[in-house]
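A.B. asks:
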Amino acid sequence: MILGLDTATPATAVAVLPDDGEPVELRHEPALGERPGHAAQLLPLARRALQAADATFADVRRIGVGVGPGTFTGLRIGVATARGLAQAIGAELAPVSTLAALAYAADGDRAVLAVLDARRGEAFAAAYRAGEQLAKPVAIPPDDLAELLDPALAPWLAVGDGAIRFRDRLEPAAEVPADPSALHRVSALAVCRLAGVARPVDRAALLPDYVRAPDAVPRR
Amino acid sequence: MILAIETSCDDTCAAVVTDDGEPRSNVISSQGVHDRYGGVVPEVAARHHVALINDVVDDALRTADATLDDVTVVAVTQGPGLVGALLVGVATAKAIALARELPLAPVDHLQGHVAANFLVTDGGPFEPPFLCLVASGGHTFLARVDDHVGYTVLGATLDDAAGEAFDKGARLLGLPYPGGPALERLARDGDPEAFAFPIAAGVPGLDFSFAGLKTALLYKVRDLGEDEAHERRADLAASYQRAIVEALALRVERGLRETGLGRVAIGGGVAANGPLRERLAGLGAELHVPDRTLCTDNAAMIGSAARWVTPLHEFGDLDAYASGERGFG
Ligand SMILES: [Zn+2]
């Protein structure tokens, strides 16, 4: 059984993928103006998802975790939770790029640009096609997003909360689904499926993919 | 056995404490990386915690010759502290406890400093009632401790913490961060009477104030000029340190008199300061100073405090709290 977690966006997404049987997916979306619920929601959702699959933490063989890029605190809650669970139950750990999970769910053989709102006037973005990473995750100004859309690979699809936010910079070079589309939300089930085919890593290698350096200036 | 985790600032800590309060291990991984920033950078601290905490927990269990099978409760610092840093410890503790079906004891960091005195060590436990001075880079307060579950604050700093005063003074004297130990070393070669720095004698009651002291040093360095200030660095350090020690000792002395208590304990990183220990030892009260590693931020003190915290069986939604806020009683 694979447990998948993602806390890179304001949502808290959890899924359980049994070896055989129906997958279970649960998520928490903060209300408008509300802070992300990662700290309070992640473990209760994971436990509920396991219960719904008639399982406990002891049944989890592998934990897939969205390592971002995304909000720093959210990423740390996801990674620390996954690491702690693995330490407690001896499960394998598999990091999954949050952007790759977005692209995977959007699927198809089209080129997909996964875009997340990185705040502070930037976007996190990476490009994929049929599971292959075409451009690695970067933090860039929204005005530069269009440069990632190589016309040779058209037609492009752009997904993620950043694709909604910066729709005007992406269209018409890329198709951006309507705002309510589920394709804009990170699916923990996609995290499970990607984790299922990934090679598990040592705990030491499971770290957030911050992409951005901390804002700190050394003295002198 | 209690597995305790503490990540409120820049030290990544885990410890194993027996149900009777004996610390079996107390692992502290100091990040060091903040030195070049001249202070703790919250985002840098949080990044290091997430990379280090599980190994520190493993190390604490191994050193205690224990495994998770021996653990009956997981304790964790809930606050106050840097929220991003606290959340790493809280997420880790919750995950371990939930997956192992163990209860979780959320601990207040400041109660932890007080509870360091209750650990069964060579010199302890030091049992209530006593007066407790906690002085570090993040907090400075004087409290009356009547039992194991809490304390009554009698006075607290109105501005900088005592450890912060050491750090800022050290910085003005061109010493590296963290400033306390460096300033104490330099002060050994200086005359503590060379300069008269303020000890906030005018602040009434048992409150502390260190902002004026820092400013006084700034002006003194300016008045002396760069060359002389450099030449008399040791005198400046010794006099500055004396002012901090006197300011702390003055309140402790008043506190002892006002409460009628004849026993005093100190905690926090500043408790490691030699002249402070000597000065307080001279007050005529019974003085308890836990080992250095139990005074600075550590997880054994969190495990100690957890002995008097009712552990939670439903804690999935537990969050961390920052300075000033309290998540629980
Ligand atoms: Zn402290």
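Residue numbers (this note's numbering), protein chains in the order written: chain F, 308 to 527; chain W, 828 to 1156.
We put the beta carbon where it would ideally sit given N, CA and C, even for glycine.
The structure displayed is predicted, hence computed values, not measured ones.
With 8 angstroms as the threshold, decide whether the Cβ of residue 919 of chain W is near any Cβ in chain F.
C.D. replies: By this cut-off, residue 919 of chain W is an interface position.
A.B. asks: Could you pull out every residue in the same chain whose Cβ sits closer than 6 angstroms to the Cβ of residue 1151 of chain W, ignoring the five residues on either side in sequence?
C.D. replies: In this prediction, residue 1151 of chain W scores a pLDDT of 49, lower than 50, which makes its location untrustworthy; the coordinate-derived value is nonetheless stated afterwards. Contacts found: none.
A.B. asks: Could you check if residue 503 of chain F belongs to the surroundings of ligand 1, using beta carbon to heavy atom distance under 7 angstroms?
C.D. replies: No, Cβ of residue 503 of chain F sits at least 7 angstroms from all heavy atoms of ligand 1.
A.B. asks: What residues from the stretch 377 to 402 of chain F come within 8 angstroms of chain W, judged by C-beta to C-beta, listed N to C?
C.D. replies: Within the stretch 377 to 402 of chain F, the residues whose Cβ lies closer than 8 angstroms to some Cβ of chain W are 379, 380, 383, 384, 386, 387, 388, 389, 390, 391, 392, 394, 395, 396, listed in chain order.
A.B. asks: If we count the other Cβ atoms within 10 Å of its Cβ and call it buried at 16 or more, is residue 448 of chain F buried or exposed?
C.D. replies: Exposed: under 16 other Cβ atoms inside 10 Å.
A.B. asks: Within the chosen definition, does the stretch 1068 to 1088 of chain W reach the stretch 1013 to 1032 of chain W through at least 3 CB pairs nearer than 8 angstroms?
C.D. replies: Enough Cβ pairs lie closer than 8 angstroms, so yes.
A.B. asks: How about residue 317 of chain F: is its C-beta nearer than 8 angstroms to some C-beta of chain W?
C.D. replies: Chain W contact via Cβ: absent.
A.B. asks: Look up residue 862 of chain W in the DSSP assignment and say whether it is helix, strand or coil.
C.D. replies: In the structure shown, residue 862 of chain W sits in a helix (DSSP, three-state: H, G or I).
A.B. asks: Buried or exposed for residue 504 of chain F, please, with buried defined as at least 16 other CB atoms from any protein chain shown within 10 angstroms of its CB.
C.D. replies: Exposed is the call here.
A.B. asks: Can you tell me whether residue 1153 of chain W is helix, strand or coil according to DSSP?
C.D. replies: At residue 1153 of chain W the pLDDT is 42, less than 50, meaning the model places this residue with poor confidence; the figure from the coordinates comes in the next sentence. In this structure, residue 1153 of chain W counts as coil in the three-state DSSP scheme.
A.B. asks: Contact defined as beta carbons within less than 8 angstroms: I believe residue 406 of chain F pairs with residue 421 of chain F. What is the distance between those atoms, to the nearest angstrom?
C.D. replies: So it is a contact: roughly 4 angstroms between Cβ atoms.
A.B. asks: Taking 8 angstroms as the cut-off, does the stretch 939 to 948 of chain W touch the stretch 1123 to 1135 of chain W (at least 3 CB pairs, one atom from each stretch)?
C.D. replies: Touching, yes, given that three or more Cβ pairs across the two stretches are closer than 8 angstroms.
A.B. asks: Alpha carbon to alpha carbon, how far is residue 877 of chain W from residue 316 of chain F? Give it in angstroms, no decimals.
C.D. replies: Answer to the nearest angstrom: the Cα atoms are 18 angstroms apart.
A.B. asks: With a threshold of 8 angstroms between beta carbons, is residue 1144 of chain W in contact with chain F?
C.D. replies: Yes, residue 1144 of chain W lies at the interface with chain F (some Cβ there is under 8 angstroms from its Cβ).
A.B. asks: Alpha carbon to alpha carbon, how far is residue 464 of chain F from residue 840 of chain W? Give it in angstroms, no decimals.
C.D. replies: Cα to Cα, residue 840 of chain W sits roughly 46 angstroms from residue 464 of chain F.
A.B. asks: Is there at least one non-hydrogen atom of ligand 1 closer than 7 angstroms to the beta-carbon of residue 335 of chain F?
C.D. replies: The answer is no for residue 335 of chain F.
A.B. asks: Roughly how many angstroms separate the alpha carbons of residue 965 of chain W and residue 363 of chain F, rounded to a whole number?
C.D. replies: Straight-line Cα distance between these residues: approximately 41 angstroms.
A.B. asks: With distances taken from each beta carbon to the nearest heavy atom of ligand 1, which residues come in below 5 angstroms, in chain order?
C.D. replies: My final list is W/963, W/1124.
A.B. asks: Can you grab the Cα-Cα spacing for the pair residue 993 of chain W / residue 365 of chain F, in whole Å?
C.D. replies: Going by the C-alpha atoms only, they are around 49 angstroms apart.
A.B. asks: When you compare only the Cα positions, how much space is there between residue 514 of chain F and residue 457 of chain F?
C.D. replies: If you take the alpha carbons of residue 514 of chain F and residue 457 of chain F, they lie about 30 angstroms apart.
A.B. asks: Given that residue 895 of chain W touches chain F, what residues does it touch there, using C-beta distances under 7 angstroms?
C.D. replies: Within 7 angstroms Cβ-Cβ: 395.
A.B. asks: Between the beta-carbon of residue 324 of chain F and the beta-carbon of residue 500 of chain F, is there less than 8 angstroms?
C.D. replies: Yes, the pair counts as a contact, with Cβ atoms nearer than the cut-off.
A.B. asks: Measuring only the C-alpha atoms, how far is residue 931 of chain W from residue 1137 of chain W?
C.D. replies: Straight-line Cα distance between these residues: approximately 9 angstroms.
A.B. asks: Specify the secondary structure class of residue 345 of chain F as computed by DSSP and reduced to three states.
C.D. replies: In this structure, residue 345 of chain F counts as helix in the three-state DSSP scheme.
A.B. asks: If the cut is a Cβ gap below 7 angstroms, which residues of chain F does residue 914 of chain W touch?
C.D. replies: Here the neighbours are 346, 380, 383, 384.
A.B. asks: My output table needs one value for residue 935 of chain W: the three-state DSSP class, helix, strand or coil.
C.D. replies: Residue 935 of chain W: strand per DSSP, three-state reduction.
A.B. asks: Quick one: Cα of residue 1012 of chain W to Cα of residue 346 of chain F, how far?
C.D. replies: Taking the straight line joining both Cα atoms gives about 43 angstroms.
A.B. asks: Are the stretch 1082 to 1093 of chain W and the stretch 917 to 931 of chain W in contact at 8 angstroms, needing three or more beta carbon pairs?
C.D. replies: No, the stretch 1082 to 1093 of chain W is not in contact with the stretch 917 to 931 of chain W.
A.B. asks: Below 7 angstroms, is the gap between the Cβ of residue 315 of chain F and the nearest heavy atom of ligand 3?
C.D. replies: In the structure on display, ligand 3 does not appear, and the ligands it does have are ligand 1.
A.B. asks: Look up residue 901 of chain W in the DSSP assignment and give the residues it is bridged to.
C.D. replies: DSSP lists W/830, W/931 as partners of residue 901 of chain W.
A.B. asks: Suppose you measure from the CA of residue 853 of chain W to the CA of residue 882 of chain W; what does that come to, to the nearest Å?
C.D. replies: Approximately 13 angstroms between the Cα atoms of the pair.
A.B. asks: Chain W beta carbons: is any one of them nearer than 8 angstroms to that of residue 416 of chain F?
C.D. replies: With 8 angstroms as the cut-off, residue 416 of chain F does not count as an interface residue toward chain W.
A.B. asks: Using a Cβ cut-off of 8 angstroms, pull out every chain F residue sitting near residue 878 of chain W, in sequence order please.
C.D. replies: Within 8 angstroms Cβ-Cβ: 511, 514.
A.B. asks: Which residue's Cα is closest to the Cα of residue 1037 of chain W: W/1020, W/976, W/984?
C.D. replies: Measuring from the Cα of residue 1037 of chain W, the nearest candidate turns out to be W/984.
A.B. asks: From the beta carbon of residue 1154 of chain W, is the nearest beta carbon of chain F less than 8 angstroms away?
C.D. replies: With a pLDDT of 35 at residue 1154 of chain W, under the threshold of 50, the predicted position of this residue should be treated as unreliable, though the coordinate-derived value follows. Not closer than 8 angstroms to any Cβ of chain F, the Cβ of residue 1154 of chain W fails to qualify, so no.
A.B. asks: Can you pull the chain W neighbours of residue 357 of chain F, defined as C-beta to C-beta under 9 angstroms?
C.D. replies: Going along chain W, no residue has its Cβ under 9 angstroms from residue 357 of chain F, so there is no contact; the nearest lies around 10 angstroms.
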